[in-house]
Ligand code: HXC
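Residue numbers (the numbering used here): 152 to 664.
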């Protein structure tokens, strides 16, 4: 055989992974192979593989007879919409995609290149975890990856796509990255699987209920996006990265093409109900302000009382954080604070300006929240906003009460511009609660007739249930009509384009974790 034909044969062999039977099994389970996934993820013919002939060196437990070129992970670089991306994709057909010493070294090599060259890293995970036959060296391999994930955090965007089982150490690399995608019914994430759970806690639970895509989307908040199959999932990843810069020294791409349906300027006038106790969907406000169809909601099914996601204003990427009156009246609780804080920090790390829509009645009271540490968790959101140096604008649509007013990107914690709609109510608390406290003694002794008390309530509402006391003090910068919001935001973010704010010199802050 001539040398060129030999190379071609070797390539074919490497591309077969664990062999045809195992590829068929993968397909039967509704899963694509590692290479098919890369092909769908990257631009056509843009993938360049690195390390396809790498083999493991283990001999224990018959591994010397199970050698597969590439060792269960396909690594390399390519482009998405013309921009450089580094990728690894674990091949479940090779020893269950398990992570050996050399498999880990291949991933680390790609991570090092991504860091040196400042481009995002996308990891497609489909692996039974540490290669059991290799023992401690595979554990050390995971640690090498965790170390690099942490060093790369805030320098390059890191995305984890979970497309198979992910147990033990295998969940901690994704957890260290910025965004996790999961596929319903074929991907799982758990520290220990159902069998161990049964032994330790005597609970009977399926893999899907314990660590499936929906469980993590709705209950734990571990993942950020879910899809119904591999194809849809990879399409979503391709779309998401268009909102990100390549690294923390760059700005997100700014497509000059955008569309905005002018009818939305009329629609936005009618979103808020007349009665301030009636909920409305804040996403309608978001959609009627930003470029058409540009909102990409993150963690849509978790802590629905806060909405976070990426959007575009005249093509520029924004990070949007909005209280959601349609879920628990938009109150801030532990989950909402954690969700908001993590999103704010991603945006700040990657130079993505922040837009806040505020309609918040306060923090959620009660023993459950207090004992689980709402003080610490709520402080995360406060800290994240206060630390952010990107351009920041807040629009108060309705309620801005109590500590939550301070937390939700108030000017006093460093926001650049704060606007309020005429419907805004900016106060320590709602009028009813305020009257009850101010006139507590009189109410208790019944020395004040009910109509008098109602008068006091109205007096408090008259004084504070509007945006003008705050505007008089310059705590907000202007009161604007809903239909003026888009134009005000476009002008505001343009004005802030060259904002340069530097945090005090320090090793790193100590966010209340
Ligand atoms: C070596 C493995 C493997 C592993 C699977 N295989 N996991 N080989 N090390 N960790 C192999 C199987 O032997 C099998 O080989 C092939 O992969 C497919 O596995 P199946 O069991 O047939 O597939 P399936 O029924 O789909 O089940 C998948 C699975 C199960 C749920 C992942 O294989 C499993 O539970 N594996 C062990 C998971 C685990 O406990 N890993 C260690 C986690 S601890 P053949 O030759 O038959 O195709 C960890 C520590 C890291 O990761 C710590 C860092 C801090």
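The beta-carbon is built from N, C-alpha and C at its ideal position, and this holds for glycine as well.
Residue closest to residue i, alpha-carbon to alpha-carbon, out of the options
i	options	result
residue 282	470, 503, 321	321
residue 487	171, 581, 317, 514	514
residue 303	316, 290, 324, 313	324
residue 649	375, 502, 585	502
residue 395	333, 473, 309	309
residue 636	212, 205, 652, 415	415
residue 410	463, 392, 456, 378	463
residue 506	557, 585, 641	641
residue 128	208, 228, 280	Beyond the ends of the chain as shown, which are 152 and 664, falls residue 128; an answer cannot be given.
residue 444	465, 453, 452, 548	465
residue 200	152, 264, 157	264
residue 478	295, 511, 577	511
residue 266	423, 154, 305	305
residue 480	509, 159, 381, 592	509
residue 316	440, 336, 202, 328	336
residue 385	583, 312, 170	312
residue 314	602, 661, 243	243
residue 341	351, 352, 373, 328	373
residue 180	461, 277, 300, 408	277
residue 388	552, 499, 334	334
residue 665	202, 627, 485	Not covered by the structure: residue 665. The range shown for the chain is 152 to 664.
residue 224	380, 232, 231, 249	249
residue 526	161, 485, 433	485
residue 375	524, 460, 301	460
residue 543	643, 442, 228, 662	643
residue 191	292, 232, 377	232
Neighbour-count burial assignment, residue i, 16 or more Cβ in a 10 Å radius
i	result
residue 182	buried
residue 226	buried
residue 204	exposed
residue 655	exposed
residue 528	buried
residue 257	buried
residue 496	buried
residue 331	buried
residue 157	exposed
residue 519	exposed
residue 247	buried
residue 212	exposed
residue 588	exposed
residue 659	exposed
residue 483	buried
residue 261	buried
residue 632	exposed
residue 174	buried
residue 572	buried
residue 346	exposed
residue 582	buried
residue 298	exposed
residue 177	buried
residue 354	exposed
Any non-hydrogen atom of the ligand HEM closer than 7 Å to residue i Cβ
i	result
residue 183	Absence of the ligand HEM is noted for the structure shown, with the ligand HXC being the only ligands found.
key: At least 3 beta-carbon pairs within less than 8 Å: the segment 263-273 vs the segment 237-247   = Judged by Cβ distances under 8 Å, the segment 263-273 makes contact with the segment 237-247, as three or more pairs qualify.
inquiry  = I'd like the ranges of any alpha helix (DSSP H) spanning at least 4 consecutive residues and lying wholly in the segment 445-500.
reply    = Taking only runs of at least 4 residues, the alpha helix (DSSP H) segments lying wholly in the segment 445-500 are 485-500.
Continuous beta strand (DSSP E) assignments of at least 3 residues falling wholly in the segment 552-615 = Entirely contained in the segment 552-615, the beta strand (DSSP E) runs reaching 3 residues are, in chain order, 568-571, 576-578.
message = Using a Cβ distance threshold of 8 Å, determine whether the segment 386-403 contacts the segment 471-479, with at least three qualifying pairs required.
response = Taking 8 Å as the limit for Cβ pairs, the verdict is that the segment 471-479 does not touch the segment 386-403.
ask   = Could you give the uninterrupted runs of the alpha helix (DSSP H) lying entirely in the segment 327-414, keeping only those of 4 residues or more?
value = If we require 4 residues or more, the alpha helix (DSSP H) runs fully inside the segment 327-414 come out as 345-352, 358-362, 381-391.
query = Can you give, in chain order, each stretch of the alpha helix (DSSP H) that sits fully within the segment 495-533 and has at least 4 residues?
reply = Counting only unbroken stretches of 4 or more residues, the alpha helix (DSSP H) elements lying wholly within the segment 495-533 are 518-522, in sequence order.
inquiry  = Under 8 Å: do the segment 426-439 and the segment 359-379 share three or more Cβ pairs, one atom per stretch?
reply    = In short, these stretches do not touch, since the Cβ pair count stays below three.
request  = Pair every Cβ in the segment 596-613 with every Cβ in the segment 540-548, then say whether three or more of these pairs are closer than 8 Å.
outcome  = Three or more Cβ pairs closer than 8 Å define a contact, and the segment 596-613 falls short of that threshold against the segment 540-548.
query = Are the segment 552-568 and the segment 523-539 touching by the rule of at least three beta carbon pairs closer than 8 Å?
reply = Counting Cβ pairs under 8 Å, three or more are found: they touch.
request  = Tell me, please, whether the segment 436-455 touches the segment 484-498 by the rule of three or more beta-carbon pairs shorter than 8 Å.
outcome  = The segment 436-455 vs the segment 484-498: in contact.
request  = Kindly confirm or deny that the segment 611-631 and the segment 558-577 touch, where touching means at least three C-beta pairs closer than 8 Å.
outcome  = The segment 611-631 makes contact with the segment 558-577: 3 or more CB pairs, one atom from each, lie closer than 8 Å.
query = Counting pairs of beta carbons, one from the segment 561-573 and one from the segment 589-602, are three or more of them closer than 8 Å?
reply = Fewer than three pairs of CB atoms, one per stretch, sit closer than 8 Å, so the segment 561-573 makes no contact with the segment 589-602.
task = Mind listing, in chain order, the continuous beta strand (DSSP E) runs of no fewer than 3 residues lying wholly within the segment 165-251?
result = As far as the segment 165-251 is concerned, its whole beta strand (DSSP E) runs of at least 3 residues are 224-231, 234-241.
request  = Could you tell me whether the segment 215-224 touches the segment 191-198, using the rule of 3 or more Cβ pairs below 8 Å?
outcome  = Proximity of the segment 215-224 to the segment 191-198 falls short of the contact definition, fewer than three beta-carbon pairs being nearer than 8 Å.
ask   = Quick one: complete alpha helix (DSSP H) runs, 4+ long, within the segment 411-436?
value = The qualifying runs are 415-418.
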